[in-house]
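Chains as they are written, first to last, in this note's numbering: chain A, -3 to 481; chain B, -3 to 481; chain C, -3 to 481; chain D, -3 to 481.
Virtual Cβ for every residue (Gly too), placed ideally from N, Cα, C.
Just so it is clear, the structure is predicted and the values come from calculations on it, not from any experiment.
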């Protein structure tokens, strides 16, 4: 397994194909727009070497028996799924935010493991063997694997093949003997700057004429004809400024747009190529795991927010017990998304291919919590932390160090701690609640409305009604009403 | 194992010592104040005989290897703890309310199993052997076991031994060679009318001078000098009226006051008698399980409320999809308390005595949800169901059948179903949301404020702060502030 | 103006036409099902005679210049509308619940004052003169006037004239020279037992073929061929039991079903008879006032709940400051519905007929709060008050006085106050939160969903979009999307 | 009255004493850090000239009878206070954010109008005449007046005079015949860059030894020895970037730190100088108005958020009716803070000095809503708007215009509108919910906890208890419990 240094070295060696602010990023490991997220991901490698965390961050490969990164493992039972949730919580604890270059890839490979198995059963294809070979190799190379799902979609009222522009979802434009050629884009993809490879999953809702859109594969991040543009995030220009106005050096989130201009993918890396019936299934496999584990993510950030708020109250000169009711509510919120993630994990079941699929109803309920509770947690953090933290209403680092008036600002920012320290703590609260540390967890992995739709789809309303009829011993059938309109 | 008939027969044979409305209840199985709860408990025996439910309601005794009621089993691993949660959800599904004559006893015997083990380790006593012998016998006899914790307490600012009246918590008034004599009361005890025996747990917060209050034992419900008075519950007079104004015949909750006027308990049934240091531990053991499993209870009632609301919307002539957003929220509430119960169960650990203790933090977080989410669920049910269900604002069963104007009422109550059926459905919603079916789940098993206190006690705020300091790389120690006052 | 005694005397003299539990109520002022609500209404008369409250409960008639009950006045400006809100809060403060026999009538006469004016403008009818003459006389006689809107409706997917049974909404079955004859029913009508007369309003959504359903009039409560059946409410059987299990003697709510079996109404009491276009307008006039003022109602009950909770915490032996966060939230809830009622009142405008119509958007927003915030207030009250109050889990009054064990119950119910007092306070909390004192404020005056529909109807989404476009200087028109299905 | 051009000209002429990022801002009207807020404030002058808005933005001076800016008027009755609320809503509607350079000054001058009156009554001083003369002149000059309250405070557990550093609150360091000299700072002061003058209010909680801290005055913004440092806000570096990444050109908020290094204030501009007993009163006068009117602010921003969300849903290709439930909730939130502001305004009373003081209880309840409801509104906006808006996860303006790949990004950002427009709309949602447009309304004008404290202070719990006792006819006095600790 790689050391942190080897990991960063592996990134340095890759072709430059990532842009931000109109410029090509030469070396992702040192460029201000990307180095923080890479330092965040480095902590995975660092922590994997510690006694405290190695059990969580590594596991034994079910394919080779070797010790591997958990992020490249197959999740084969409930216990390992719970460890996935715990690992995500840990990584948010350590970095304060998302290490998105690994978890989507991790969930994606497990989803495709099951999906390729099912496709092969029906179609007699060899996708499952391909992903197996690729994965054994990937484990050996200890790669960092990002994952990509979301297509731009264009006009959302029409399926891909009816779009004016056929490229609005990623699709196969050429099938060759040795592989496929794909065109299109994937939007808002986390952590690619920190990744060596990317696994691509198909979208959903495809019918037969959309077959060319049902495509899944793994590619090196720096593959030819793939252009990556990093998106903005709140206060991201501060990444380029000196000092502590971006207060976190060893963590950070990036989200990118991937543009495929006729990218070639060799057959051994192609895991789906036209089997449109399985695209929904692939995504559902993905979702069940993702929406369980994301409960650990927001809990992990919530833990840091609890700590930052309590620390801020001390820095302001107040005992944090004054805010006990609020802190307790924040902890309840954290434990709720975490607990729901654990429950969804445990109540899952084993897929014939050997991987574990968490319970769909509970994981989707959890997505709704993930899209609401952290907002309350952040509001409470701002409530506790006071006006300076609410919108980061403090002088810039440059002003704090002005030869003209910096000393006066330091004097007036002082409370229970010196002005510099208090400002840095407040910047941390800002970063966590309204700054660069806010991860896109509401829509990441799908929207809460989508999650509610799945909860509804999983709901047999007649079964509920029959429960109530039985309790009330109501013998009459209560037939459904035709809906108007 | 008993049949439902044998179960009821066992109750019929017992001494009459239960009162309500100033009168002695001669036969609990037919008296209107108690027969519904007994019919509810009977469904446990019935369902245990069905293929569908026997796996949940029975298990193999870890003591004898015999098939026994799960309610009399030792919970020895996470899986069995999850089954406990599931069993509670099932019983609320079947009865619409609480079968309290079993679950407190079940949790109580497990809590005392661990506690007696620990006491014996320190004190060299033989309590653990006693409870083991009693339990093997109880399993053989397939008894229904209620449990009792709450003492009246009197002046809450003083410990038991400083009360003006020493009886305000249950205590030992005499120690004899063959047993102990106890005096005092236990308040708000669920389901004793449906039980053969009762297991008594001590209160908490005892210091050495309170040693006589640290007492635990199991007694027959009809033991000499024990007087039981059933408490009221909303709309309980309807239990005595004809017709469907209490719409549930096969379920119902009772909660009683137990008055011990120098009750003798033989040694073999005494599980704690003075070991005050272990009273808090006994209660914490109890709480961890109870507050996990109660998530299943309120989810199970919530399921019935979802069904009753959807059925009501149909009966009113509306498609339930109109209320999809509300129904989804109700389902989310149910799955949240259920999921948190499962998570607390799974994240527990094994006690040296062999029983499983769920995670305290999560089970107490769940108690907070249990004390809030069902209120929203009930509000939404009333919202969906309309004015007649909101406060049960419909004519009485007697009026609906009046020879003078009953036909007219039937005519005007009609909507998508006939007036009689619609009224019965609305009465069911009333019963579930503001009537006799509302279980005391907010304070049952302890208050939400108590749960928050435990969450706080489990919280190491400095550890949270250290997480945040690490993320923000803040090297300064941020010391706590002395609290004013 | 009447004294309380004269008021009750006026009810005694009326024909008996009210039933409950299958029996005719001989004298409403002494029958257990009705006397409490009448004692509640009596307090209006009593308080009108006190210096403290007479300014709120009386006013000067804009028709005659005489001092009259505010409940029979025309609301002619914002200040009087605010006084209406205040009066409702006061009456809930004094009785703990709804004095529904007056406020619906009050709002109804004002709504019909405006509506008759408008009808006459278009149709040249003389309805406005009729209501004026009737009102002058009603003020002189100082009558208590209930109001009735809700029709049974039957199949809600069809208009009245398409129902299988034409009687499912109240309608004119005969037009005579001297008046009209009506048949049908009005459901869930508050306080008729305490009223001398009833003003009837039409339903909504009527088209031309429904003209006979567009009918409004005022009749004596004991008019011929009108049969009244009182509905149940939670724990209403306790009204008939001795002692304090219904803890409130001078307040109570009744809601009745009115059955019209070809009731004759003389012309001078008819205010609408076929002008179907004005039925919606009548109801909207009613709603704007009603949904403003009801904010005072639930605030007024909330005040009592705050007091009962604080008193209960003391009775339990706890300082209420322990619950400060909760009590403050309850107060915030109260002031919110009250404040929104005041704001809707103030932002209204004068109708050409001279009466004041509150702002529709704000009054409907308030209806949503009225249907949600009091549920939180009640939950908090149960949280503060403890297990005995949550579901009234205490022995009955009869048991508390049992010669056999009553003394023991008294002993064990004791805390900071004696057992009897503590029980009575807990019963009060029960009554307010899950008992007979809970008014039907969620659906009373229309459902929250209906209120949201009006808020939506009042919303010009394009205007909002234009605000945003202007702020973002977005020049493009962003056209609406055709909705699928 | 000034034209927008004259207003900007008046700012250009002032001495440069504002810094950001370590640099002196030469001309606030064109510098990227300040020009947006000035363009926002300019709209006040522009709109005051339109028929549509002049009634709201101007009024007749109660001192001179001249037409003046409402922001410089005395609020002398409820109607004018409501117009204040409406004006704030309008300005947020027009600028999308806070025009803080006017409202604090407006509230501040009214608060000091009343306070100086009271001081003079007791002390025989002439402060009231001074403020009157100054105000008449200020109205004539049509100045823009910011206001400043918040002191740095230092160690919050100690009063100003016990601080290690006496400057931690602003204080008088010298009293001269012709005026006073002050030292210290005011923190987080809105809109000073857009103002001609600043009115300073004292802090609270001062005792006699703190007399020198009880100081109030008005000074030109560019007065000698006053240094101003602008604070950061989320994504504020974008103010300096080209293009639409800060999407709002005609609005923006600034908040500054004012550093007084022995600033001289002539007597005629001093409104309090040592009368420590009146410092709390001054602040309470301020708070009552401020916390009423701020309900208009957040409603006004909420209106823009509603519009931006609906526009975004269209741009994404969805009909906004899909989100009706969410949009309705957002509207309810807006109308609630607005309505509560109106109610607090209306229920106020006239101070002997002639100005109107809103109701303290309701205005403080409103502060709690202002600190919570907008967070829900913003969460819902992000929920509706999708992943690109949630954290502004889109390419930068520079990338969208890259000659290399800009066209491809434009293509893939396209949905119902072209990629450029869609991106700009999403940036607007970002700006409103997690960007530079988020005003500091939670702690601005004081924290929600402070507001709750005032609600509590206004609460006579015994009066509530007496209401409940009366309803339950409980004759016993229920005495308070001594609180432990």
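In the structure shown, what three-state DSSP assignment does residue i receive?
i, result
"residue 354(D)", "coil"
"residue 269(D)", "strand"
"residue 225(A)", "strand"
"residue 170(B)", "strand"
"residue 65(B)", "strand"
"residue 460(C)", "helix"
"residue 254(D)", "strand"
Would the C-beta of residue i count as close to the ligand PLP, meaning under 8 Å from any of its heavy atoms?
i, result
"residue 54(A)", "Of the ligands one can find in the structure shown there are none, so the ligand PLP has no counterpart to examine."
Assuming contact is defined by CB atoms lying nearer than 9 Å, are residue i and residue j in contact in what I supplied?
i, j, result
"residue 290(A)", "residue 356(A)", "no"
"residue 308(A)", "residue 382(A)", "yes"
"residue 44(D)", "residue 100(D)", "no"
"residue 282(A)", "residue 358(A)", "no"
"residue 176(B)", "residue 261(B)", "yes"
"residue 140(A)", "residue 190(A)", "yes"
"residue 286(A)", "residue 103(A)", "yes"
"residue 363(D)", "residue 428(D)", "no"
"residue 473(C)", "residue 321(A)", "no"
"residue 127(B)", "residue 109(B)", "yes"
"residue 421(B)", "residue 455(A)", "no"
"residue 263(B)", "residue 10(B)", "no"
Could you work out which residues of chain C lie near residue i, taking near to mean beta carbons separated by less than 7 Å?
i, result
"residue 476(D)", "310, 315"
"residue 450(D)", "Near residue 450(D) there are no residues of chain C at all, since even the closest Cβ is about 10 Å away, more than 7 Å."
Strictly below 8 Å CB to CB, what residues from chain D border residue i?
i, result
"residue 286(A)", "Within chain D, no residue comes near residue 286(A); the closest Cβ sits about 14 Å away, beyond 8 Å."
Anything in chain C within Cβ reach of residue i, meaning under 8 Å, just list it in chain order.
i, result
"residue 424(D)", "464, 467, 468, 470"
Taking C-beta pairs closer than 9 Å, name the residues in chain A that residue i reaches, listed in chain order.
i, result
"residue 276(B)", "By Cβ distance, chain A contributes nothing, its closest Cβ being about 21 Å from residue 276(B), past 9 Å."
Anything in chain B within Cβ reach of residue i, meaning under 7 Å, just list it in chain order.
i, result
"residue 242(A)", "None at all; the shortest Cβ gap to chain B is about 11 Å."
Quick test of the definition: if touching needs 3 or more C-beta pairs under 8 Å, does the stretch 367 to 384 of chain A touch the stretch 209 to 225 of chain A? The stretch 367 to 384 of chain A, when compared against the stretch 209 to 225 of chain A, does not touch it at the 8 Å Cβ threshold.
Pairing CB atoms from the stretch 391 to 406 of chain D with CB atoms from the stretch 421 to 437 of chain C, are three or more of them under 8 Å? The stretch 391 to 406 of chain D vs the stretch 421 to 437 of chain C: no contact.
Given 8 Å, three or more beta-carbon pairs between the stretch 343 to 350 of chain B and the stretch 98 to 116 of chain B: With a cut-off of 8 Å, the stretch 98 to 116 of chain B and the stretch 343 to 350 of chain B count as touching, because enough Cβ pairs lie within range.
Quick check: the stretch 81 to 92 of chain B against the stretch 163 to 180 of chain B, are there 3 or more CB pairs under 8 Å? By the Cβ criterion, the stretch 81 to 92 of chain B is not in contact with the stretch 163 to 180 of chain B, since fewer than three pairs of Cβ atoms, one from each stretch, lie closer than 8 Å.
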